[in-house]
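So the protein sequences, as listed, match chains A and B. Per my numbering, the very first residue in the first sequence carries number 25; after that it's consecutive. Per my numbering, the very first residue in the second sequence carries number 3; after that it's consecutive.
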Amino acid sequence: MRSPGNQWAGSFAVVLLGAAVSTSATAGGTPETKARLPGTTWQSIAHLPDWSGVWELDWRAGAGRGAMGMPKLTPDYQARFDKYRADQKEGKNQQTQTANCDPPGMPQIMTQPYPVEFLFTPGKVTVAIEAYSQMRRIFVDGRPHQEDPDPTYQGDSIGHWEGDTLVVDSVGFIPDSLIMPGIGHSDQMSIEERIRRVSPDTLEIQRTIKDPKVLTEPWTVTLTYKRHTDWDIKEYICAQNNRDSADPEGRADMNLKR
Amino acid sequence: MNLATRTIRSLTAGVLALVLTAGIASAHHSTAMFDMQHTVTVSGTVTQFDWTNPHTFIWMDVLNPASGATEHWSVEGMSPNYLSRNGWSRHTLKPGDKIDMQVHLLKDGRKGGFCATVTLPDGKTLRNLPGPPPKS
């Protein structure tokens with residue numbers, strides 16, 4: 025039945041299969057590697073810590089802007105920040121892009137006054153964020169970062185489990201997002217998060233931001249979240265009835281027209 | 003102060019409350035356009051209640067006793083997401099309800115502001131911004 029031509033086609037298929045396997049080693053880990061990594065199969069997810077419920081940033085536990093302190097800025101970015109503060113005194117820069125319903129992106133999307141939820145599926149931790157109805161996808165299947173990721177609001181997030189701690193590294197952010205109001209970032213920003221539950225109803229994220237063009241040293245803050253087992257993530261569509269959009273100078277305004 | 007109603011100036015209680023308020027209320031936009039240091043009581047009749055994101059809006063008619071004219075006020079509040087977890091619902095206010103509202107006024111003098119508390123027709127006071135329990 026089999027002609028020499030078909031045999032050749034069969035060999036070609038094997039070569040193609042080999043190529044597919046080697047490609048997946050960079051895109052998502054080999055099947056063997058994936059099976060060994062925590063959180064990559066439904067069976068292993070059962071052994072992960074219980075992060076069910078939704079988690080609200082605990083403003084009283086030092087998440088407020090003042091309590092987080094200030095990162096140490098390079099002279100260039102310190103000068104930009106000083107100008108930002110000076111302009112504020114003249115009525116500019118009262119608003120950021122969120123006033124126009126543009127989501128803040130990382131890192132500020134994780135410090136909103138609305139809860140977040142962690143969803144475990146094989147190879148991935150998804151963070152459902154109520155504010156601006158955002159979603160973060162953290163791949164825990166052993167893949168490396170994309171070589172040249174398109175800049176995105178949440179960045180390219182790669183994670184792995186160290187015991188009960190989820191360690192996440194994120195890179196590749198849109199240029200306009202802010203470390204905090206008045207402080208932008210460069211294309212070299214990276215954000216590391218070490219996320220763990222420190223008590224039954226308390227989750228802690230130790231967050232370290234690095235950006236050699238903006239920060240003279242890594243900036244680490246600890247964010248505390250409290251669990252609400254009786255809450256669900258709600259819809260939040262900012263464009264529904266936004267009467268507070270900002271002008272290009274970030275001036276405050278409120279539309280009172282019916 | 004050219005205000006349509008009886009007015010009460012009061013300092014917002016405590017530095018912590020102010021910090022919490024600034025942090026939580028400023029998620030979507032800055033509170034710089036409001037006088038967050040003081041509240042003024044505005045009494046009127048609800049004409050519309052927008053139970054919407056990113057902010058709720060209470061529209062009301064307020065009688066100016068000096069001129070006898072009815073003024074139209076628009077007062078912004080926290081989001082449905084926040085308020086529904088803090089004792090409010092979309093049925094909390096309806097057109098025709100006579101309410102007293104503590105408002106952080108717009109600094110530009112227009113008839114609007116940010117809602118701090120609302121006292122309902124039944125006398126119950128609901129807090130809009132976070133802080134210590136309101137006195138009824």
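The beta-carbon is built from N, C-alpha and C at its ideal position, and this holds for glycine as well.
### Query
So residue 145 of chain A and residue 238 of chain A are in contact, right, with Cβ under 8 Å, and what is the actual spacing, rounded?
Not really, about 34 Å apart at Cβ, beyond 8 Å.
### Message
Suppose you measure from the CA of residue 195 of chain A to the CA of residue 159 of chain A; what does that come to, to the nearest Å?
### Response
16 Å
### Task
Look up residue 75 of chain A in the DSSP assignment and say whether it is helix, strand or coil.
coil
### Query
residue 113 of chain A by DSSP, collapsed to three states: which one?
helix
### CA nearest to the CA of residue 282 of chain A, picked from B/128, B/51, B/34, B/37
B/51
### Task
Determine the extent of the alpha helix (DSSP H) in which residue 66 of chain A is found, giving its start and end residues.
66-69
### Task
Excluding the 5 residues preceding and the 5 following residue 125 of chain B in the sequence, name in chain order all residues of the same chain whose CB lies nearer than 6 Å to its CB.
none
### Message
Between A/258, A/272, A/275, A/273, which has its C-alpha nearest residue 54 of chain B's C-alpha?
### Response
Considering only alpha carbons, the answer is A/258.
### Query
Going along the chain, which unbroken runs of the beta strand (DSSP E) with 3 or more residues stay wholly within the segment 127-154 of chain A?
DSSP assignment within the segment 127-154 of chain A yields the following whole beta strand (DSSP E) runs of 3 residues or more, N-terminal first: 140-145, 148-153.
### Message
For a contact defined as C-beta to C-beta under 8 Å, what are the partners of residue 2 of chain B on chain A?
### Response
Summary: the structure shown does not reach residue 2 of chain B, with chain B confined to residues 3 through 138, and so no result is reported for it.
### Per-residue burial, residue 222 of chain A [other beta carbons within 10 Å of its own, 16 or more giving buried]
Counting every other CB atom within 10 Å of its CB across the protein chains shown gives residue 222 of chain A a total below 16, marking it as exposed.
### Task
Could you list which residues in chain B have their beta carbon closer than 7 Å to that of residue 119 of chain A, in chain order?
31, 32
#### Entry: Cα-Cα separation between residue 251 of chain A and residue 230 of chain A, rounded to whole angstroms
17 Å
### Query
In chain order, what residues of the same chain have a beta carbon less than 6 Å from the beta carbon of residue 141 of chain A, not counting five sequence neighbours either side?
78, 152, 257
### Message
Which residue wins for smallest C-alpha separation from residue 105 of chain A, given the options A/185, A/65, A/207, A/120?
### Response
A/207
### Query
On the three-state DSSP scale, how would you describe residue 106 of chain A?
helix
### Query
residue 239 of chain A touches chain B at which residues, Cβ-Cβ below 8 Å?
Near residue 239 of chain A there are no residues of chain B at all, since even the closest Cβ is about 23 Å away, more than 8 Å.
### Task
Mind checking the segment 104-116 of chain B against chain A and listing, in chain order, the residues whose C-beta falls within less than 8 Å of any C-beta there?
So the list reads 108, 112, 113, 114, given in the order they occur along the chain.
### Task
State the beta-bridge partners of residue 101 of chain B as determined by DSSP.
B/46
### Task
Kindly list, in the order they appear in chain B, the residues whose Cβ is closer than 8 Å to that of residue 255 of chain A.
87
### Task
May I have the straight-line CA-CA distance separating residue 235 of chain A from residue 60 of chain B, to the nearest angstrom?
For residue 235 of chain A and residue 60 of chain B, the gap between their C-alpha atoms comes out near 44 Å.
### Message
According to DSSP, simplified to helix, strand and coil, what is residue 45 of chain A?
### Response
Only weak support exists for where residue 45 of chain A lies, its pLDDT of 39 falling under 50; the coordinates are left without a value.
### Query
In the DSSP assignment, what are the bridge partners of residue 368 of chain A?
The structure shown does not extend to residue 368 of chain A, since chain A spans only 25 to 282, so no value can be given for it.
### Query
Where in the segment 230-266 of chain A do unbroken runs of the beta strand (DSSP E), each at least 3 residues long, occur, reported from the N-terminal end onward?
243-252
### Under 7 Å between C-beta atoms of residue 241 of chain A and residue 116 of chain A
no
### Residues sharing a beta bridge with residue 167 of chain A, DSSP
Beta-bridge pairing links residue 167 of chain A to no other residue.
### Query
Along chain A, in chain order, which residues have C-beta atoms closer than 7 Å to that of residue 52 of chain B?
Near residue 52 of chain B (Cβ distances below 7 Å), the residues of chain A are 265.
#### Entry: Outcome for residue 91 of chain B when other beta-carbon atoms lying within 10 angstroms are tallied against a minimum of 16
exposed
### Message
So residue 183 of chain A and residue 197 of chain A are supposed to be a Cβ contact under 8 Å. How far apart are they, rounded?
### Response
Wrong, their Cβ atoms sit about 17 Å apart, outside the cutoff.
### Message
So with CB distances below 9 Å, who are the chain B contacts of residue 138 of chain A?
### Response
29, 81, 83, 84
### Query
For a contact meaning CB atoms closer than 9 Å, what does residue 78 of chain B contact in chain A?
267, 268, 278
### Through-space distance from residue 226 of chain A to residue 139 of chain A, alpha-carbon basis
13 Å
#### Entry: CA-to-CA distance, residue 123 of chain B to residue 47 of chain B, given in whole angstroms
Inter-residue distance for residue 47 of chain B and residue 123 of chain B is about 10 Å (C-alpha atoms, whole angstroms).
### Query
Taking the beta strand (DSSP E) that residue 128 of chain B falls in, what are its first and last residues?
127-129
### Message
Once DSSP output is grouped into helix, strand and coil, what is the label at residue 122 of chain A?
### Response
If DSSP states are grouped into helix, strand and coil, residue 122 of chain A belongs with the helices.
### Query
Can you find a C-beta in chain A that's less than 7 Å from the C-beta of residue 35 of chain B?
yes
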